[in-house]
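The block underneath contains the structure these notes are about, expressed in structure tokens.
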């Protein structure tokens, strides 16, 4: 019998990670009585907002079938550029404009190399990451840049809003809603799925695959720059090695959040929960008294468990074999 | 009075480096007819289809659609004029549900304030109608992922799309490839429905038995050359297979029995 209901039956790709996240929260709350407190969760959100802002766009890009390894370098470069330009007396609006234009250029170059020259984005953006990192070290001599001025920009980006909760969490929620709507409810979102799902067929159906990918590269770089701004707003300083490994954490969050690495499948909400899981792991381990270096090992374990859960979800609920 | 051709191809050629993929192709396609485009592997069938769609650019020659010369630079332009295709293999994306697949590239939009959002309700209602029109294909919901469908159901969805958008010309590249006997029959009956609805169909295949029941005419390609156009009444399936196998037509009367070189 045909299903007469017109309702979309949603088996969201984020199911797996939400289950993993809840289990993790239960475990940490058993290990430490401080885990389920407001101040802990404010701390988790403050950490998560930077990672999750990057993760959401990395997921968006991954669903369209591409990678971006240069997000960590763009993140660092933007923080440094903001600190530098504010110190030079350039006002907040222009300083912000500088990093957005810089990110726009990086995203455009990444996109053109990947779609016009057709070099796999993994390599193209690896090259971009190394160049930017090298340039950052040359330009800064390896030294951090602090900012002690009175511009309100750091506060707009990431000042405290309610108690210790920083405003980047509010920004993050706005981005989350925005990207969820675009991906799920717009024609562009449909094209993003199609571009990653099968670029050849998508093209035959009239989808401008290369253009979709180029736009997504730009979005990724721009939001990585905004996340860099959050970091600068939080610390009031920046340093050239900031965000090293951020690109891999973002990809890990995206993948445990249910996105399929080859593209065409995933959700922004899942990616958000992926980042939230990693942030709560970081805080939870500290509260449970584990040495700090356990953190990476645990991310590795969660990554693998998350992948297994997602594969099961895809196979059993969606009949997708990957 | 002679009927006006829907599609006219005049002296079209295409080379891949030294390889001549198509040599001086001339043909006319009329409304509401099914033409079997047949030939062995490497005959140039898919090249011809891609060229009509604008996915490949011709080196020489002209293509007219509804009496106007066309130079599509992408299949989106061809689709906008009512030429739809089901490329070889599949034209559906398996991670996406049926509804999103059906409307891919021609999404239904509603305005909410300044924003243009997908009209999901209307899209799913229309998809249900498309599925119902396909007959008993066993598809349960318009929101099923295509990955959960069989090959025949996927092909039915692709053809459902062509019927929904009321294309005037449908180019089907091996639509029965890898399908079971029953699924192939279903696809052939859907093609018959398209014909009744007024769509001209070019059915590319090297399986003569699949196209024979539904075809009005055949066009035979061999290594990039068009070696014959003939009506179904003049040939039996076995004759056609023999022509494909040998690449020659013994009965010279059949070479261009209706539409010849202009």
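Chains as they are written, first to last, in our numbering: chain A, 18 to 339; chain B, 15 to 276.
Note that CB positions come from ideal geometry on N, CA and C, so glycine has one too.
Keep in mind that this is a model prediction, so the values were computed, not measured.
Quiz item: Does the beta-carbon of residue 178 (chain A) have 16 or more other beta-carbons within 10 angstroms, so that it is buried, or is it exposed?
Solution: exposed
Quiz item: For residue 177 (chain A), which residues in chain B fall below 7 Å Cβ to Cβ?
Solution: Residues of chain B passing the Cβ test: none, with the nearest at roughly 32 Å.
Exercise. Could you tell me whether the segment 231 to 248 of chain A touches the segment 113 to 124 of chain A, where touching means 3 or more Cβ pairs closer than 8 Å?
Key: yes
Exercise. Would you mind stating whether residue 230 (chain A) and residue 78 (chain A) have Cβ atoms separated by less than 9 Å?
Key: yes
Self-check item: Whole-Å CB distance - residue 205 (chain B) paired with residue 49 (chain B), under 8 Å assumed
Solution: 11 Å between Cβ atoms; not a contact.
Quiz item: Mind pulling the chain A residues with CB within less than 9 Å of residue 101 (chain B)?
Solution: 217, 218 and 221
Practice problem: Could you name the residues of the same chain whose beta carbon sits closer than 6 Å to that of residue 259 (chain A), not counting the 5 residues immediately before and after it, in chain order? | Solution: 93 and 96
Quiz item: When the Cα atoms are used, what is the spatial distance from residue 31 (chain B) to residue 37 (chain B)?
Solution: 14 Å
Quiz item: Would you call the segment 212 to 230 of chain A and the segment 103 to 118 of chain A in contact, with 3 or more CB pairs under 8 Å?
Solution: no
Self-check item: Among B:234, B:156 and B:158, nearest to residue 56 (chain B) - alpha-carbon criterion
Solution: B:234
Quiz item: Would you say residue 320 (chain A) reaches chain B, if we count a Cβ-Cβ gap shorter than 9 Å as a contact?
Solution: no
Quiz item: Quick one: any contact between the segment 66 to 81 of chain A and the segment 200 to 209 of chain A, if contact means 3 or more CB pairs under 8 Å?
Solution: yes
Quiz item: According to the Cβ coordinates, are residue 241 (chain A) and residue 118 (chain A) closer than 9 Å?
Solution: no
Quiz item: Are the C-beta atoms of residue 132 (chain B) and some chain A residue less than 9 Å apart?
Solution: yes
Quiz item: Relative to the ligand ATP, is the shortest distance from any of its heavy atoms to the C-beta of residue 31 (chain B) smaller than 8 Å?
Solution: As for the ligand ATP, it is missing from this structure, which has no ligand bound.
Self-check item: Three-state secondary structure assigned by DSSP to residue 72 (chain B)
Solution: coil
Quiz item: Tell me which same chain residues have a C-beta within less than 7 Å of the C-beta of residue 36 (chain A), skipping the five on either side of it?
Solution: 326
Quiz prompt | Proximity winner among B:158, B:20 and B:146, relative to residue 80 (chain B) (alpha-carbon distances) | solution = B:20
Self-check item: Within 9 Å of chain A by C-beta, residues of the segment 38 to 60 of chain B in sequence order
Solution: none
Exercise. Please check if any C-beta of chain A sits within less than 9 Å of the C-beta of residue 104 (chain B).
Key: yes
Quiz prompt | residue 98 (chain B) versus residue 67 (chain B): straight-line alpha-carbon distance, rounded | solution = 8 Å
Quiz item: Among all the DSSP beta bridges, which residues are the ones paired with residue 130 (chain B)?
Solution: B:125
Quiz prompt | Residues near residue 31 (chain A) in its chain [Cβ-Cβ closer than 7 Å; skip 5 each side] | solution = 274, 275, 284, 286, 287 and 290
Quiz item: When the Cβ atoms of the segment 85 to 100 of chain B are set against those of the segment 173 to 182 of chain B, are three or more pairs found closer than 8 Å?
Solution: yes
Practice problem: Whole angstroms is fine: what's the gap from residue 296 (chain A)'s alpha carbon to residue 153 (chain B)'s? | Solution: 42 Å
Quiz item: So, is the C-beta of residue 276 (chain B) closer than 9 Å to a C-beta in chain A?
Solution: Here the model assigns residue 276 (chain B) a pLDDT of 37, short of 50, so the residue's position is not dependable, and the following value carries that caveat. Not one chain A Cβ lies under 9 Å of residue 276 (chain B).
Exercise. Answer yes or no: does any C-beta atom of chain B fall closer than 9 Å to that of residue 18 (chain A)?
Key: Confidence at residue 18 (chain A) is low in this model, with a pLDDT of 40, below 50, so its placement is unreliable and the value that follows should be read with caution. It does; some Cβ of chain B falls within 9 Å.
Quiz item: Are the segment 157 to 170 of chain B and the segment 104 to 111 of chain B touching, with three or more C-beta to C-beta distances below 8 Å?
Solution: yes
Quiz item: residue 91 (chain B) by DSSP, collapsed to three states: which one?
Solution: helix
Self-check item: Residues bridged to residue 239 (chain B) [DSSP beta-bridge criterion]
Solution: B:37 and B:236
Quiz item: Should residue 61 (chain B) be labelled buried (16 or more other beta-carbon atoms within 10 Å of its own) or exposed?
Solution: buried
Quiz prompt | residue 16 (chain A) - DSSP class collapsed to helix/strand/coil | solution = What the structure shows of chain A is the stretch from 18 to 339, and residue 16 (chain A) is not part of that stretch, so it cannot be assessed.
Practice problem: Quick one: which residues of the segment 65 to 85 of chain B get their C-beta closer than 9 Å to a C-beta of chain A? List them in chain order. | Solution: 67 and 69
Quiz item: What residue from B:129, B:89 and B:127 has the CA that sits closest to residue 118 (chain B)'s CA?
Solution: B:89
Quiz prompt | Coil, strand or helix - residue 254 (chain A) by DSSP | solution = strand
Exercise. Ignoring anything shorter than 3 residues or poking outside the segment 142 to 208 of chain A, list the beta strand (DSSP E) runs there in chain order.
Key: 177 to 179
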